[in-house]
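Asker: Here's a structure for you.
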Amino acid sequence: MKISTSKSEAMVINRKKVECLLRVKNEILPQVEEFKYFGVLFTSEGRMEQEVNRRIGAASAVMRSLHQSVVVKRELSQKTKLSIYRSIFVPTLTYGHELWVMTERTRSRVQAAEMSFLRRVAGLSLRDRVRSSAIREELGVEPLLLRIERSQMRWLGHRVRMPPGRLPGEVFRACPSGRRPPGRHFGETMSLDWPGNAWGSLRMSWKRTGGGRSGTFCAICSISEMIKQQNIIDVFHTVKTLRNNKTNMVETVEQYKFCYEVALEELNSF
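In our numbering, the protein residues as written are 11 to 280.
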């Protein structure tokens with residue numbers, strides 16, 4: 011493999027700035043603080059806030075360009091406007107969302123961008139004081155955050171099922187060394203160790219607001235390994251055991267259905 015030094019750059023992902031001199035032949039590759047790969051912006055801090063800001067800005071630019079000709083044009087039906095919303099606006103906004111860390115601020119900003127488009131399609135403004143849920147129900151559109159969460163969980167299922175040797179799976183299963191930075195960490199840790207759990211003693215940490223997603227993660231990991239090692243499928247008791255340990259694990263019907271979808275995909279992979 012030949013490396014083109016004119017097209018290559020070096021970046022170190024670390025909380026602190028670290029100098030890294032990578033030499034190819036007689037040339038030192040320039041070190042950068044951010045790098046765009048397949049249209050996704052990565053930063054040396056390992057955070058995705060800048061990428062989320064870029065996606066929201068790109069989606070806002072799309073809405074501005076379509077505002078007069080599509081969004082508020084009375085000659086076009088709502089069905090046509092929603093088709094454009096699904097085919098242009100949503101892919102622009104959510105490109106690369108599998109890598110996003112869905113903090114409360116990110117969720118709020120994504121929802122604001124989503125409703126900015128849908129509210130105009132419905133012919134409403136913030137002054138009308140109509141709830142977002144009522145607008146979505148009137149237009150027949152599912153929440154964008156739910157779609158993002160479902161897609162992220164689907165990608166998580168792919169990583170869980172990856173065979174040994176695949177780089178994404180190895181990175182996912184890796185245990186980082188060292189100590190966490192000083193400061194308060196608002197989270198909890200739970201040990202999952204019950205008969206039939208193919209992962210043995212699995213410890214899972216989650217933020218106070220993310221128990222449902224972490225619980226779903228624990229469930230699909232256990233279900234996947236149970237199918238591989240014991241040829242047994244028992245979604246109900248797996249979820250029940252999780253909820254007996256912590257009540258907010260696997261909170262919604264959609265998350266419970268997703269556990270069955272993962273089990274079905276695991277069976278189809280054989």
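Ideal Cβ positions, reconstructed from N, Cα and C, are used throughout, including at glycine.
Please classify Gly-81 as buried or exposed, where buried requires at least 16 other C-beta atoms within 10 Å of its C-beta.
Answerer: Before going further, note that residue 81 is Val rather than Gly in the sequence given. Looking at its Cβ environment, which holds 16 or more other Cβ atoms inside 10 Å, Val-81 is buried.
Asker: Which of helix, strand or coil does DSSP assign to Pro-205?
Answerer: For Pro-205, the predicted structure reports a pLDDT of 40, less than 50, and the residue's modelled location is therefore unreliable. The matter cannot be settled from this model.
Asker: Grab me the residues of Leu-134's own chain with a C-beta within less than 8 Å of its C-beta, minus the 5 sequence neighbours each way, in chain order.
Answerer: Answer for Leu-134: Val-140 and Ile-145, listed in chain order.
Asker: Would you call the CB atoms of Gly-175 and Glu-275 closer than 8 Å?
Answerer: No.
Asker: From what residue to what residue does the beta strand (DSSP E) around Ser-55 run?
Answerer: It should be noted that the sequence gives Glu, not Ser, for residue 55. Counting along the chain, Glu-55 falls outside any beta strand (DSSP E), and DSSP gives it neither H nor E.
Asker: Using only alpha-carbon positions, find the residue among Lys-27, Leu-31 and Glu-148 that is nearest to Ser-4.
Answerer: In the structure as shown, the chain starts at 11 and stops at 280, and residue 4 therefore has no counterpart that could be examined.
Asker: Between Asn-148 and Arg-115, what straight-line distance do the alpha-carbon atoms span, to the nearest angstrom?
Answerer: Correcting the residue identity first, residue 148 is Glu in this sequence and not Asn. Rounded to the nearest angstrom, the two C-alpha atoms are 26 Å apart.
Asker: Whole angstroms is fine: what's the gap from Phe-48's alpha carbon to Leu-136's?
Answerer: Computed Cα separation, rounded: 36 Å.
Asker: Quick check: the Cα distance between Leu-156 and Ala-273, rounded to an integer number of angstroms?
Answerer: The straight-line gap from Cα to Cα measures roughly 20 Å.
Asker: Ends of the alpha helix (DSSP H) at Lys-91?
Answerer: Residues 88-94.
Asker: Can you tell me the Cα-Cα spacing of Glu-264 and Lys-27, whole angstroms?
Answerer: Each residue's alpha carbon lies about 41 Å from the other.
Asker: Cα separation between Glu-44 and Glu-85?
Answerer: Between Glu-44 and Glu-85, the C-alpha separation is close to 44 Å.
Asker: Rounded to the nearest angstrom, what separates Ala-20 and Pro-40 at their Cα positions?
Answerer: Taking the straight line from one Cα to the other gives about 6 Å.
Asker: When the distance is taken between beta carbons, is Val-131 closer than 8 Å to Gln-78?
Answerer: No.
Asker: Quick one: using the 10 Å Cβ neighbour count with 16 as the cut-off for buried, is Asp-203 buried or exposed?
Answerer: Reliability of the predicted coordinates at Asp-203 is poor, the pLDDT of 40 falling under 50, and no value is obtained from them.
Asker: Taking the alpha-carbon positions, what's the Thr-288 to Met-58 distance?
Answerer: Residue 288 falls outside the range modelled here, since the chain spans only 11 to 280, and no answer is possible.
Asker: Count the other CB atoms within 10 Å of the CB of Arg-223; is the residue buried (16 or more) or exposed (fewer)?
Answerer: Arg-223 comes out buried.
Asker: Mind reading off the beta-carbon distance from Leu-103 to Ala-123? Whole number of angstroms is fine, and I expect it under 8 Å.
Answerer: About 6 Å separates the two Cβ atoms, so the contact holds.
Asker: Between which residues of its own chain and Thr-91 is the CB-CB distance below 7 Å, once the five residues before and five after are set aside?
Answerer: Before going further, note that residue 91 is Lys rather than Thr in the sequence given. Taken in chain order, the residues that qualify are Val-80, Val-81 and Val-131.
Asker: Using the rule of at least 16 other Cβ atoms within 10 Å of the residue's Cβ for burial, across every protein chain shown, is Val-181 buried or exposed?
Answerer: By the 10 Å Cβ count, Val-181 comes out exposed.
Asker: Going straight from the alpha carbon of Glu-261 to that of Val-120, what length do you get?
Answerer: Using only the alpha carbons, I get a separation of about 22 Å.
Asker: Counting along the chain, where does the alpha helix (DSSP H) carrying Lys-46 start and finish?
Answerer: No alpha helix (DSSP H) holds Lys-46; the beta strand (DSSP E) holding it covers 44-47.
Asker: Does the CB of Arg-253 have a neighbour CB from chain D at under 8 Å?
Answerer: The chain labelled as chain D is not found in the depicted structure, where only one protein chain is given.
Asker: Just to confirm before moving on: does the CB-CB distance between Val-151 and Cys-231 stay below 8 Å?
Answerer: Going by C-beta atoms, Val-151 is not nearer than 8 Å to Cys-231.
Asker: Relative to the C-alpha of Ser-143, which residue among Arg-160, Met-125, Ile-158 and Glu-159 is closest?
Answerer: The residue with the shortest Cα to Cα distance from Ser-143 is Met-125.
Asker: Considering just the uninterrupted stretch of the alpha helix (DSSP H) at Arg-137, what are its terminal residues?
Answerer: From DSSP, Arg-137 is part of no alpha helix (DSSP H); its letter is neither H nor E.
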